[in-house]
Amino acid sequence: MQKYDPHEIEPRWQTVWEATGANSVTETDGGTAAVDKPRYYALEMFPYPSGDVHMGHVRNYSIGDVISRYKRMQGFDVLHPIGWDSFGLPAENAAIKQGSTPAAWTYANIDRQRASLRRLGFSYDWSRVVVTSDVDYYRWGQWIFLKFWEMGLVERRSSPVNWCPSCLTVLANEQVLGDGVCWRCKSRVERKELEQWYFKITDYAQELLDDLELLKGSWPERVRQMQANWIGRSTGAEVDFTLCDAAGEPTRETITVFTTRPDTLFGCSFFLLAPEHPLVREFVVGTPFEARALRVIDAATSSTAVERSKGEREKHGAPTGRFVVNPINGDKVPIWIADYVLMDYGTGAVMAVPSGDERDFEFARTYGLPIPPVVVAEDDPLYATLQGQAERVQEEVPWTEAYAGEGIMVQSGPFTGQKGGKDSEGAQAVIDALAARGQGRATVNFRLRDWLISRQRYWGNPIPAIYCDSCGIVPVPYEDLPVVLPMDIDVIKNESLASREDFLAVDCPVCGRPARRETDTMDTFTCSSWYYLRYTDPHNNGAPFAPEQVNAWMPVDQYIGGIEHAILHLLYSRFFTKGLRDAGLLNFSEPFTRLLTQGMVKLNGETMSKSKGNVVAPEDMIASYGADALRIFILFMAPPDKDLEWEEKGLAGIYRFLVRIWRMVHDLVGAADEETLYEGVSGGASEGGSQSISNAFESTSSGETIGPAAREAAAVLQRERHRVVGKVTEDVERFNFNTAIAAIMELANAVGDYLRLASSAARAADPERLAADHEVAEVLVKLLAPLAPHFSEELWQGVLGKTATDSVHTQAWPISDPALALAPTVELAVQVNGKVRGHIEVALDAPEETVRAAALAAVAAQMGSAEPRKVVVVPGKLVSVVV
RNA sequence: GGGGGUGUGGCGGAAUCGGCAUACGCAGCGGACUUAAAAUCCGUCGCCGCAAGGCUUGAGGGUUCGAGUCCCUCCACCCCUACCA
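At position 521 of the first sequence the residue is numbered 520 (numbering that gives the first Met the number 0), and the sequence of numbers has no breaks.
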C-alpha cells in the first residue's frame with residue numbers, strides 16, 4: 000500500500016484535469032444547440048490581485064468548488080469560471096512603493112494567485128479567465144458606457160465631492176478616514192464642487208427595491224435589508240412654501256420641501272436650508288445676518304460628508320432674516336440655516352416641526368424657537384389640555400423630547416382630532432387639501448444617490464468621451480473603441496493620462512477638428528458589475544457577449560462572496576443587469592438567483608491581516624497537509640456564513656481523517672497489507688514510523704467466514720451507508736458542509752468498527768462480502784470527491800481499479816435508499832412527567848398498543864402505585880407518560 | 001438613534017417540523033504497543049456528587065405530556081447604518 004502523499008498526488012491530478020478539459024462546460028457549438036444536461040452557473044466573487052491568496056479566498060473558493068463538483072456529479076453542465084478584478088488604486092500605490100508600474104505589479108500578482116488557486120485544485124474553466132485590465136475586457140465596459148449614455152443613464156454634472164489636494168483626485172467616502180484626512184497621504188480632504196460623471200442608478204430605485212422581493216428566501220435576509228435601507232424609500236409629500244422678500248412681503252416664488260409628516264404641518268415654527276443651498280448666500284449677503292451665516296456655512300462645508308455625519312451631534316445654525324409662508328395656515332415663519340440639513344437629500348430645504356422631530360426639537364431648544372405641539376398621544380395629559388383649546392399654544396411643550404409617534408392632531412385647524420403619524424389619515428387629508436390648492440402633492444423620496452463613476456486616476460478603464468471646443472462633450476464612436484489605456488505610465492514621476500499628449504490628442508468625431516480625450520477613468524466597481532456576463536462568452540470579439548450565450552447561462556444559479564459587498568457591488572450589478580436588459584441585451588432582471596455570504600476567517604478572535612501580523616498563509620498549509628485537507632478543514636470548522644476560528648490542530652485532525660480513509664479504502668478492497676496498513680501519519684511536522692499493530696480480529700474457526708459480531712457490524716455499516724448518503728446530499732444542498740463532513744466521518748467510524756471485527760482473510764474468502772465492501776469504498780470516495788478532489792481521484796483510479804476515462808468527478812452522485820437505512824428495531828425513550836426514566840426497544844412497525852404496554856412496563860418501578868393519566872406515543876421517538 | 005444577528009461543554013460546533021441536548025472534530029485523561037518517544041489502536045470525556053441522585057443551552061417568566069427550538073420581559077456581545085426631514 001502506498002502512503003498517502005498529497006504532495007505527489009495533487010499536482011499530478013491537476014495536470015491531468017487541465018489536459019483533459021475536465022472542468023470545461025460540455026457544450027461544444029457555441030451554446031446554440033440544445034445540450035441534454037441542465038445548466039448550472041456557480042460563481043464566486045473574483046479576487047482583487049492585491050497580493051497572495053489568503054484564507055478568505057480559500058474559504059470562498061472551496062465553497063464554490065464543492066458546489067460545482069457536486070452539481071457536475073448530479074448531472075449538470077456546470078460553468079465555474081474565475082478571473083481578476085485588476086484595475087484600482089492599490090496597484091498605483093504599490094507601484095510607487097516598489098518602483099514598478101501598476102500593470103507589472105498587477106500581472107505579477109495575478110500569476111502568483113493563479114498558481115495558488117491551481118494548487119488548491121479548484122475546478123475552474125481556465126479557458127474562460129476574465130481579467131478586467133485586459134483591453135479585450137475593458138473595451139466592452141466602454142461599449143456599455145456608451146450604450147448607457149445613449150439610453151440617458153449617463154450624466155455629467157456638478158456636485159460637491161471629497162477632494163484630496165495632494166493626490167489630486169476625488170475620493171470615495173470610504174477612502175476618507177474618520178478624522179477627515181486622505182487614507183493614502185493623510186492630507187486634509189476638501190469638499191469641492193466638481194463636474195463628474197454619474198450613472199443614473201436612481202432611475203431604477205423603485206425596481207431595485209421591488210425586486211428584492213424576488214430574492215426573498217434565496218438571498219440572506221441581512222443583505223436584502225441592507226439594500227432596502229440603502230435605497231431608503233420614504234413616502235410623504237412635497238409642500239410649497241411661499242417665499243417672502245427682504246421686506247417680509249410674500250412673493251410669487253416658492254421653496255419646496257419634502258416631508259414624511261404632512262400631518263404635522265401646523266407645527267412648523269421655522270424653516271431650514273442646507274448650508275450649501277444656493278439661496279442662502281443670496282439671502283444674507285449685505286445684510287446684518289451675513290457674518291454669522293457665513294461662519295456656519297464655512298464650518299459645515301469645510302468638513303467632509305463623513306465628518307459631518309460622524310462628529311458630535313451638536314446642531315449649528317443661523318437666521319437668514321428671511322421668512323416663508325406656511326401654505327396650510329398662512330403662518331409666516333423664519334428661514335434659518337442648519338448644518339444638519341443635507342443638500343443632496345430631498346430638496347435641501349426642510350420644514351421644521353420641533354414638537355414632532357428630535358433634531359428640530361434640539362435645534363429649537365438651542366436657539367430658543369417655539370415648539371407648538373400638533374400630534375399628541377391620546378394618553379398624554381397634554382391631549383386633554385389642548386383638546387378644547389381655541390387659542391394656539393406656541394410656547395414650549397412640557398416634553399423633554401419630541402414626540403414622533405402616532406397620535407391625535409391638535410391645534411391643526413380643520414384637521415384637529417384626526418389621526419396623525421407617518422402615512423396616517425391626517426397626513427393624507429393634509430396632502431389632499433394642499434393638492435387641491437396646488438401647493439403640495441404626494442411624493443416618494445429615495446436615499447439612493449446617483450453613482451459617481453469618474454476617478455482622476457490612471458489605473459482604470461478610460462471613459463470614452465471627447466471634449467471638443469465647438470461640439471462640446473462627444474461620445475467616442477462605437478467603431479473607434481477601445482480607448483486604449485497606455486501601459487507604461489510612470490506613476491512614480493507623477494505622470495497621468497492628462498500628461499500624455501499621445502493619449503490626449505484626438506480628432507473630434509463630429510467636426511473632425513482637434514479635440515481632447517477625457518482623462519478620467521471609471522470606478523473599478525463598473526468593471527465588476529458585469530464580469531459574470533462576460534464569462535458566458537469570454538472571447539467574443541464583436542460584442543460584450545452574445546445574447547444566446549448570456550441568456551442560456553444567466554442568471555447565476557449560486558453566487559458566493561463576502562458580506563462586505565452586500566451593498567455596493569451587489570447593488571451595482573443589479574443595476575447593470577436591469578440597464579442591459581432595457582438595452583435589449585438580456586432577458587432577465589436579476590443577475591444572482593441565490594446568494595451565499597461567507598464569514599471571515601479569524602485567528603484568536605481577530606481578523607487576519609498583514610498589519611496585525613497574524614496571517615496564516617494557505618501555501619504553508621498546503622505544504623504541510625496538502626490542499627485537500629485544507630479545503631475540508633476550512634469547510635468543517637463552521638457553517639459557511641459564520642466567522643470561523645482558525646486552529647492548526649484542527650487541520651492536522653482532518654489530515655489524520657484522510658489518512659484513515661486512505662487505509663480503509665485499501666483495506667476494504669483487499670489492497671492493504673499488514674505491513675503498511677497502520678503505518679503512521681507522515682504529514683505536518685512529524686516523521687512517520689512503521690509499526691504495525693495486531694488487531695482484535697474476531698477469531699473464526701476456519702478463518703474463512705466472518706463471525707456474528709462482524710456480521711452485525713456489516714449490517715450496521717450497510718444502514719449507515721444509506722443514511723449518510725442521504726444526509727450528505729441534504730447537507731450539501733443546504734451548504735451545511737460542516738455537518739456533511741461530520742456525517743462522512745460517521746460513515747468512516749462504521750467502516751472502522753466493521754474492519755476491526757472482520758479479518759481481511761475472512762472477507763477475502765467471501766466474494767459477496769468483497770463486492771459489498773468494494774461498493775462501500777466507492778460510496779465513501781464519491782462522497783469525498785467534491786471536498787477532496789485529488790485524494791478521491793487517486794483512490795478511484797489507483798485503488799478502486801477504475802480507468803482514466805472514468806474519473807470520479809464524472810461519476811453519478813451516490814443514491815440513498817431510505818428504506819435500507821432503517822434498522823429492524825428502534826430504541827424509544829420513555830418519559831415520566833417529562834423526564835427520561837427508561838428506554839425500550841421495539842420493532843420498527845410495532846403497533847401503538849404494544850409500544851404503550853412496553854413503555855409502561857419499563858417505568859413501572861419509577862411510577863410506583865401512581866396511575867398513568869395520559870400516555871403520548873411519538874412513533875420512532877419516545878413515549879411520554881403523565882402521572 | 002435605526003436595522004440585522006449571536007449567546008449551547010475546556011475549544012470549534014451539532015440538534016433540519018416542538019420529541020432522549022452536547023452529533024462530528026480538537027484538546028485532555030487512562031490503557032495497549034514500544035527499551036523509549038512519536039505515530040497508531042482501544043477506552044473515557046457537560047457540571048456537582050464517593051454514590052444514589054441532582055443540575056445544565058445568557059437571566060427570568062409563560063404555553064405544552066414535552067422547549068436550545070414557540071411567546072413575553074430583560075442582559076451581554078457582534079455586524080451594518082446613521083442628522084435621510
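C-beta: ideal position from N, C-alpha, C; glycine also.
Reference residue i, options the options, closest by Cα
| i | options | result |
| --- | --- | --- |
| Val160 | Leu170, Gly367 and Gly151 | Leu170 |
| Arg280 | Gln417, Phe147, Thr319 and Val473 | Thr319 |
| Thr891 | Ile254, Pro353 and Ile296 | With the chain represented from 0 up to 882, any question about residue 891 goes unanswered, as that position is not in the structure. |
| Pro766 | Ala865, Glu313, Gly669 and Ala428 | Gly669 |
| Leu779 | Glu732, Gln717 and Ser453 | Gln717 |
| Asn325 | Ser411, Met521, Ser61 and Met0 | Ser411 |
| Ala747 | Thr802, Ile660 and Ala763 | Ile660 |
| Val134 | Glu252, Val295 and Asn460 | Asn460 |
| Lys641 | Gly55, Arg720 and Glu43 | Gly55 |
| Ala771 | Ser791, Ala713, Ser815 and Gly751 | Ala713 |
| Gly419 | Leu643, Gly406 and Gln427 | Gly406 |
| Val52 | Val615, Val825, Met663 and Val841 | Val615 |
| Gln73 | Val880, Val881, Lys781 and Pro867 | Lys781 |
| Cys470 | Asp506, Ala292 and Glu500 | Asp506 |
Beta-bridge partners of residue i, as assigned by DSSP
| i | result |
| --- | --- |
| Phe270 | Ile334 and Met350 |
| Gly329 | In the DSSP output, where bridge partners are listed per residue, Gly329 has none listed. |
| Pro159 | Glu192 |
| Ala504 | Arg515 |
| Ile559 | Glu43 and Leu595 |
| Val374 | Met408 |
| Phe322 | Pro333 |
| Leu602 | Glu605 |
| Thr168 | Cys163 |
| Asp356 | In the DSSP output, where bridge partners are listed per residue, Asp356 has none listed. |
| Thr535 | Partner(s): none; Thr535 has no beta bridge. |
| Thr824 | Ala842 |
| Met521 | Ser453 and Asn460 |
Spatial neighbours of residue i in its chain, beta-carbon cut-off 8 Å, leaving aside the 5 residues before and after
| i | result |
| --- | --- |
| Thr250 | Thr241, Leu242, Cys243 and Asp244 |
| Leu447 | Ile200, Thr201, Ala204, Leu207, Trp229, Ile230 and Gly231 |
| Val878 | Leu827, Ala828, Val829, Gln830, Ile839, Val850, Arg851, Ala854, Val870, Val871 and Val872 |
| Thr346 | Glu237, Ile254, Thr255, Val256 and Phe257 |
| Ser700 | Note that Ser700 scores 42 on pLDDT, short of 50, meaning its location in the model is unreliable; the coordinates nonetheless yield the value given after this. Excluding residues within five positions, none has a Cβ falling inside 8 Å. |
Presumed contact (8 Å Cβ cut-off) between residue i and residue j, rounded CB distance
| i | j | result |
| --- | --- | --- |
| Leu829 | Ala857 | Reading off the sequence shown, one finds Val at residue 829, where the question assumed Leu. 5 Å between Cβ atoms; contact. |
| Phe270 | Val323 | 5 Å |
| Asn59 | Gly598 | Contact doesn't hold; Cβ gap of about 10 Å is too wide. |
| Asn737 | Leu634 | 6 Å |
| Leu193 | Arg456 | Contact flag wrong, Cβ pair sits at about 14 Å. |
| Phe75 | Pro46 | The pair is not a contact, with the Cβ atoms about 25 Å apart (cut-off 8 Å). |
| Tyr123 | Ile62 | Tyr123 to Ile62, Cβ: 14 Å. No contact. |
| Glu605 | Lys611 | 6 Å |
| Pro164 | Ser186 | 6 Å |
| Pro274 | Val295 | 6 Å |
Contact set for residue i: own chain, Cβ-Cβ below 7 Å, skip 5 residues either direction
| i | result |
| --- | --- |
| Asn539 | Ala545 |
| Asp356 | Ala401 and Ala403 |
| Phe265 | Ile327, Asn328, Val373, Gln410, Ser411 and Gly412 |
| Phe445 | Thr201, Ala204, Ile230, Gly231 and Arg232 |
Contacts around residue i, its chain only, beta-carbon distance under 6 Å, and the 5 residues preceding and following it disregarded
| i | result |
| --- | --- |
| Ala432 | none |
| Glu792 | Trp12 and Val807 |
| Phe575 | Ser528 and Trp529 |
| Trp148 | Pro474 |
| Gln1 | none |
Return the chain-ordered ranges of every alpha helix (DSSP H) run that is complete within the segment 702–732 and spans a minimum of 4 residues.
707–732
Alpha helix (DSSP H) segments (min. 4 residues) lying fully within the segment 184–267:
204–209 and 220–230
With a floor of 3 residues, list each beta strand (DSSP E) that falls wholly inside the segment 838–882, ordered by position along the chain.
869–873 and 877–881
Tell me the start and end of each unbroken alpha helix (DSSP H) in the segment 393–474 that is at least 4 residues and wholly inside, in chain order.
424–435
With a floor of 4 residues, list each alpha helix (DSSP H) that falls wholly inside the segment 86–140, ordered by position along the chain.
88–97 and 101–118
Taking only runs that begin and end inside the segment 597–668, name each unbroken alpha helix (DSSP H) of 4 or more residues, in chain order.
617–624, 626–635 and 647–667
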